[in-house]
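Asker: Let me give you the structure first, and then I'll get to my questions.
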Amino acid sequence: MRIAKAEFEAMLREGIACRSDGPWASPLHLVPKKTEGWRPCGNYHALNARTIQDRYPVHHIQDFAHRIYGCHVFSVLDLVKAYTQIPVNPDDAPKTAIITPFGLFKFPFMSFGLRNDGQTFQRFIDEVVRGIDFCFVNLDDILVFSRNADEHHTHLRLLFQRLDDHGLHVNVPKSTLGASVVKFLRHEVSSEGTRPLPQRISDLQNYPQPTTSEDLRRFLGVLNFYILQTFLAPRSLLPGSPP
24 MRIAKAEFEA MLREGIACRS DGPWASPLHL VPKKTEGWRP CGNYHALNAR
74 TIQDRYPVHH IQDFAHRIYG CHVFSVLDLV KAYTQIPVNP DDAPKTAIIT
124 PFGLFKFPFM SFGLRNDGQT FQRFIDEVVR GIDFCFVNLD DILVFSRNAD
174 EHHTHLRLLF QRLDDHGLHV NVPKSTLGAS VVKFLRHEVS SEGTRPLPQR
224 ISDLQNYPQP TTSEDLRRFL GVLNFYILQT FLAPRSLLPG SPP
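To convert a position in the sequence shown, counted from 1, into our numbering, add 23.
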């Protein structure tokens, strides 16, 4: 709870969260951050069940693979608290409230865990980079690809300006700039194309045999990510199979 309390105190100072006196209250939930630490969010199961689904597409790895042909320099940009750029309708903000041992908090900006948070942000970021053909965006992760270093420098300058114009900032320490090989969406991206990270394939090959229906659903979900979204042949994932 100390971690959650410290995070909420920081969000209060930054205006990302505020105290609520409304009738809505979702349980507190902690999820791991991309790198280290924990992010408090709401367990919005009840709220999400009453939310109309947004069908806007969130992009996948196969959506850009053909666009990197002839490119040799890549960057992967991580955005700083990008979701907080999306305001919540003031009348709906009380619905985002999270109940904690140290108070009830609502969010004037989009919070993680809401049913349509990914679709809403993808729509926003697609508008931000509209007309830019040298980058691919999956939620708050951006891949930039160029034919050479000089072109890449120009591309980064143009993209950084576009992001700044929309109040978005790059987390440089967590980004990879000007590399020949980068990691993006659990894949390795280079001039040779895209391929799953070796560790991910190893994880699948060594996945414990499912013993319950829930285990099986979880495994099929992981398998689906690599087969249906990355064009991997199922047989190539089996131990002892020829390449």
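Where a beta carbon is used, it is the ideal one built from N, C-alpha and C, also for glycine.
(1) Indicate the three-state DSSP secondary structure (helix, strand or coil) for Thr177 in the structure shown.
(2) Whether or not the segment 98-111 and the segment 126-146 are in contact is what I'm after, with contact meaning three or more pairs of Cβ atoms, one per stretch, closer than 8 angstroms; do they touch?
(3) Skipping 5 residues on each side, what residues in its chain have a beta carbon closer than 8 angstroms to that of Thr74?
(4) Are at least three pairs of beta-carbons, each pair with one atom in the segment 185-194 and one in the segment 90-109, less than 8 angstroms apart?
(5) State buried or exposed for Asp163, treating a residue as buried only when at least 16 other CB atoms are found within 10 Å of its CB.
(6) Please report the distance separating the alpha-carbon of Gly272 from that of Val81.
(7) For Pro262, which residues from the same chain have a beta carbon less than 7 angstroms from its beta carbon, with the 5 sequence-adjacent residues on both sides left out?
(8) Give the secondary structure of Asn66 by DSSP, where H, G and I count as helix, E and B as strand, and everything else as coil.
(9) Rounded to the nearest angstrom, what separates Arg218 and Ser198 at their Cα positions?
(10) Taking a contact to mean a Cβ-Cβ separation below 9 angstroms, would you say His175 touches Val96 in this structure?
(11) Per DSSP, Ile121 is paired with what?
(12) Report all residues from its chain with a CB closer than 6 angstroms to the CB of Ser259; omit the five preceding and five following residues, and keep chain order.
(13) With DSSP run on the structure shown, which of helix, strand or coil describes Ala27?
(14) In the DSSP output, what is Pro80 paired with across the bridge?
(15) Answer yes or no: does any C-beta atom of chain B fall closer than 9 angstroms to that of Gln108?
(16) Taking the C-alpha atoms as reference points, what is the distance between Gly143 and Asp77?
Answerer: Judging by the given coordinates:
(1) One-based indexing of the sequence shown puts residue 177 at position 154. Helix.
(2) Yes: the two stretches touch, three or more of their Cβ pairs being nearer than 8 angstroms.
(3) Translated into the one-based positions of the sequence shown, residue 74 becomes position 51. Excluding positions up to five away in sequence, the list reads Leu137, Arg138, Asn139.
(4) Yes: at least three Cβ pairs fall under 8 angstroms.
(5) Counting from one through the sequence shown, the residue named residue 163 turns up at place 140. Buried: at least 16 other Cβ atoms inside 10 Å.
(6) Missing from the structure shown is residue 272; the chain here goes from 24 to 266 and no further.
(7) Along the sequence shown, read from residue 1 onward, the residue named residue 262 stands at position 239. Reliability fails at Pro262, whose pLDDT of 45 lies under 50, so the model's placement of it is uncertain and the value that follows must be treated cautiously. Within the same chain, Pro262 has close Cβ partners Gln228.
(8) For the purposes of this step, residue 66 is taken as residue 43 along the sequence shown, with counting starting at 1. If DSSP states are grouped into helix, strand and coil, Asn66 belongs with coil.
(9) Position 195 of the sequence shown, counting from 1, holds the residue named residue 218. Position 175 of the sequence shown, counting from 1, holds the residue named residue 198. Using only the alpha carbons, I get a separation of about 20 angstroms.
(10) Counted from its first residue, the sequence shown places residue 175 at position 152. Counted from its first residue, the sequence shown places residue 96 at position 73. Yes, Cβ-Cβ distance for His175 and Val96 is below 9 angstroms.
(11) Numbered from its first residue, the sequence shown carries residue 121 at position 98. Ile121 pairs with Ser49, Phe128.
(12) Locating residue 259 in the sequence shown gives position 236, counting from the first residue. Summary for Ser259: the model assigns pLDDT 40, below 50, so the residue's position carries little reliability, and this model does not support an answer.
(13) If you number the sequence shown from 1, residue 27 lands on position 4. Judged by DSSP in its simplified three-state form, Ala27 adopts helix.
(14) As a working mapping, residue 80 is identified with position 57 in the sequence shown. Beta-bridge pairing links Pro80 to no other residue.
(15) No chain B is present in this structure, which holds just one protein chain.
(16) Position 120 of the sequence shown holds residue 143. Position 54 of the sequence shown holds residue 77. With the sequence shown as reference, residue 143 is identified as Thr, and Gly is not the correct amino acid for it. One C-alpha to the other measures close to 8 angstroms.
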